[in-house]
């Protein structure tokens, strides 16, 4: 397969020279776009969007038609994997994801098996292939999955949670059961990301949304260790090109050094840490992706430009920065503010990429 | 006023020698105790518990009757202050606090005034005095308030929030209005804590529950700066005794160094950071309070003992550690597990306090 005509993202993730700082946004295909809402209305619900490759392709491409973004990201959901394990995913409007059969009993956990992505997640792989064809090598396509611990949170809680009571109870009372879930998840996710890569994902990202709710020893034992298991099993190049891997841990900036040593190419960081300070801490080990507060996109254009400039200056001169938000874009964001941000990043970043 | 017979907490907060590590628990008077639920049922609702000094005294003392805790903490709520400003606090069962009149319009914000605690928060001061009499100098009484930014979150959102959309919109669109709210709050809270100290609080704690949702520059400008304004205005001794001040910032471990330099005596830290690492970062500037994951109290006694031992060992030899949870105790905690924790801290900590 040919390299995308705009390979700025792939180069930045590998810490290679680029002319400017590439930018994409977590959840860039989403509810802040009227065209997304129109497609979703046609599809009927969110899960149908994910499971139908035509719809998934359509919404993946929508933000690229509007904004000069440097990457596409597969439209899907991290919970497709536990759904493929038979937990029965559905979405309740305004309340988020729910599993019909959360993991509570020991026999349910012992019965858990890693699904074959070619069989049980075929629709995702078909979407990856179809999006690649539709992209026609314009920009790279990012594939993704949730982290083993993050999926375990949803699988054990049965949905979103504020206190993670069930999963933490298992962590402290029956760590053997939790580790079994995490191991099955890690094997499932390794196969899943490798399949996405085989079907055309040119970079992949692991979303560790909930690793940050753990104590430091529990984070290392229950989240990072299983991310490392995935990293060790991933196909890191395809058709002669490196496939960079990004690890994003919301609320995880206490452990940046350990994340940088885990074997990924880039770290996503949320907006609570200064990017320059994060760069000092990880050194030359990894690229960094982030880290504008999504709420800054509510501000006036000149404030968005100022905030983008502040983050670019904080990272400073040199390569290895991918501009992004520190979390998914809010559904209440005015779409025209995204254009302001993309233009600001592209323009303001050139000064940091001049030849020495 | 005389010094409490057990002044271990006060000494630890001032980094003075103690025989063991003192322990108390955030929200130690709460729904995990059947006797608390009985009093609350008699009172009718949560706010009546706070507003009636007899009830507040009764529930403040309940955990001390059960466990060998080293401190009492005033039973109250951080939102009594915006309630005293006229925002109309009420609690919706299962949904948390709500304000009838959240701050949305510029004129509402410009009209905001710092309440006189002697007039508008008299019931809190009466509770402080009554609890002190009931404690009879057994252990010290901790007073508290929310941080200016944390209160602003509730005042502007109108209640709890997951995305802090309204307050962040104001931060980026109308920072002048947000800073006005923060300044009024800081003045109100300074007077409020000073009044608590005058009526008998022997240490005070500032709860910055939501500072951790901000970007690093916004945290410094909107949260820490106004905490510093309070710290600069507090009466730091009463009747010849120092009144230590604890600052707790949930999710705030990115900024420990700045917090330690802000002028408080001790920092509360949540469970996501290793206490030993936190101690390295703050050096000899402040004492540290924390940091067991509240969910660890669901575990079997031997696991609770192991986790307590791990945290004590992480802080290591020497003074200046107050054992606590990293957040409020869960309502689902078995009360007998609290006894296990208190005993474990008292026993296991003695080895770290031996004379050199």
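Chains as they are written, first to last, in my numbering: chain A, 1 to 356; chain B, 1 to 356.
Where a beta carbon is used, it is the ideal one built from N, C-alpha and C, also for glycine.
Proximal residues to residue i (C-beta, below 8 angstroms), its chain only, five neighbours per side dropped
| i | result |
| --- | --- |
| residue 23/B | 69, 70, 322, 323, 324, 341, 342, 345, 346 |
| residue 121/A | 80, 81, 84, 115, 192, 195 |
| residue 312/A | 21, 321, 323, 345, 348, 349, 352 |
| residue 2/A | 137 |
Residues of its chain near residue i, where Cβ-Cβ distance is below 6 angstroms and the 5 sequence neighbours each way are ignored
| i | result |
| --- | --- |
| residue 100/A | 88 |
| residue 229/A | 186 |
| residue 146/B | 78, 207 |
| residue 282/A | 256, 260 |
| residue 178/B | 170, 171 |
C-beta contact flag for residue i and residue j at 8 angstroms
| i | j | result |
| --- | --- | --- |
| residue 141/B | residue 62/B | no |
| residue 330/A | residue 295/A | yes |
| residue 129/A | residue 199/A | yes |
| residue 158/A | residue 66/A | no |
Closer than 8 angstroms to chain B by CB, residue i
| i | result |
| --- | --- |
| residue 207/A | no |
| residue 246/A | no |
| residue 15/A | no |
| residue 212/A | yes |
| residue 358/A | No statement about residue 358/A is possible, as the shown extent of chain A runs from 1 to 356 and does not include it. |
| residue 234/A | no |
| residue 271/A | yes |
| residue 144/A | no |
| residue 188/A | no |
| residue 260/A | no |
| residue 165/A | yes |
| residue 299/A | yes |
| residue 303/A | yes |
CB contact below 8 angstroms: residue i versus chain A
| i | result |
| --- | --- |
| residue 172/B | yes |
| residue 293/B | yes |
| residue 161/B | no |
| residue 251/B | yes |
| residue 77/B | no |
| residue 216/B | yes |
| residue 274/B | yes |
| residue 177/B | no |
| residue 296/B | yes |
Close-in-space but distant-in-sequence residues of the same chain around residue i (CB under 7 angstroms, 5 per side omitted)
| i | result |
| --- | --- |
| residue 218/A | 171 |
| residue 59/B | 29, 36, 39, 49, 75 |
| residue 286/A | 260, 264, 265, 266, 267 |
| residue 6/B | 70, 138, 139 |
Proximity winner among the options, relative to residue i (alpha-carbon distances)
| i | options | result |
| --- | --- | --- |
| residue 246/B | 81/B, 9/B, 181/B, 271/B | 9/B |
| residue 258/A | 155/A, 225/A, 355/A, 304/A | 225/A |
| residue 337/B | 96/B, 278/B, 157/B, 302/B | 302/B |
| residue 132/A | 56/A, 93/A, 293/A | 56/A |
| residue 354/A | 21/A, 4/A, 6/A | 21/A |
| residue 93/A | 107/A, 112/A, 45/A | 45/A |
| residue 175/B | 124/B, 223/B, 90/B | 223/B |
| residue 136/B | 234/B, 169/B, 64/B | 64/B |
| residue 327/A | 161/A, 235/A, 210/A, 2/A | 210/A |
| residue 25/B | 51/B, 73/B, 119/B, 42/B | 73/B |
| residue 197/A | 159/A, 237/A, 298/A, 215/A | 237/A |
| residue 167/B | 292/B, 291/B, 109/B | 109/B |
| residue 262/A | 18/A, 180/A, 221/A, 300/A | 221/A |
| residue 212/B | 106/B, 127/B, 278/B, 249/B | 249/B |
| residue 308/B | 150/B, 319/B, 293/B | 293/B |
| residue 288/A | 3/A, 16/A, 95/A | 16/A |
| residue 119/B | 335/B, 188/B, 280/B | 188/B |
| residue 152/A | 112/A, 117/A, 134/A, 319/A | 112/A |
Extent of the continuous alpha helix (DSSP H) run through residue i
| i | result |
| --- | --- |
| residue 54/B | 53-66 |
| residue 149/B | 148-157 |
| residue 34/B | 34-43 |
| residue 185/A | 175-199 |
| residue 139/B | Careful: residue 139/B lies outside any alpha helix (DSSP H) and carries neither H nor E. |
Where the beta strand (DSSP E) containing residue i begins and where it ends
| i | result |
| --- | --- |
| residue 289/A | 287-292 |
| residue 207/A | 203-208 |
| residue 98/A | 96-99 |
| residue 92/B | 89-92 |
| residue 266/B | 266-268 |
| residue 75/A | From DSSP, residue 75/A is part of no beta strand (DSSP E); its letter is neither H nor E. |
| residue 345/B | Element bounds for residue 345/B: not the beta strand (DSSP E) but the alpha helix (DSSP H), 335-348. |
| residue 248/A | 245-249 |
| residue 321/A | 321-325 |
beta-carbon residue i near the ligand PLP non-hydrogen atom, thresh 7 angstroms
| i | result |
| --- | --- |
| residue 27/A | This structure lacks the ligand PLP; in fact it carries no ligand of any kind. |
Contact residues within the region 321-340 of chain B, judged by C-beta distance below 7 angstroms to chain D:
Of the protein chains in this structure, namely A and B, none is chain D.
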